[in-house]
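Residue numbers (UniProt numbering): 1 to 71.
Glycine included, every Cβ here is placed at the ideal spot set by N, Cα and C.
Read through the structure below, which is laid out as structure tokens, and then see the notes.
Below, the structure written as structure tokens:
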């Protein structure tokens with residue numbers, strides 16, 4: 001479970017929605033792990049770095065899941 005500091009949740013959610021509008025899919029679940037690998041608290045500064053990273057991409061990130069995964 002992730003804990004959000006201040007407006008971190010809103011910032012990350014807005015970044016995810018902007019990414020979805022640009023590429024037609026949500027970013028992979030592990031995209032944010034690049035910025036907070038060992039922490040369960042999403043701080044505002046980390047959320048801003050994550051948003052800047054997603055905004056700087058010129059093509060979508062590869063999916064997390066292998067194509068044959070069943071749910």
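- When the beta-carbon positions are compared, residue 54 and residue 16 come within less than 9 angstroms of each other.
- Beta-bridge partners assigned by DSSP to residue 42: 4.
- Linking residue 27 to residue 10 through their CA atoms gives a straight-line distance of about 16 angstroms.
- Take the alpha-carbon of residue 37 and the one of residue 49: they are about 14 angstroms apart.
- A check of alpha carbon separations from residue 63 across 5, 41, 30 identifies 30 as the nearest.
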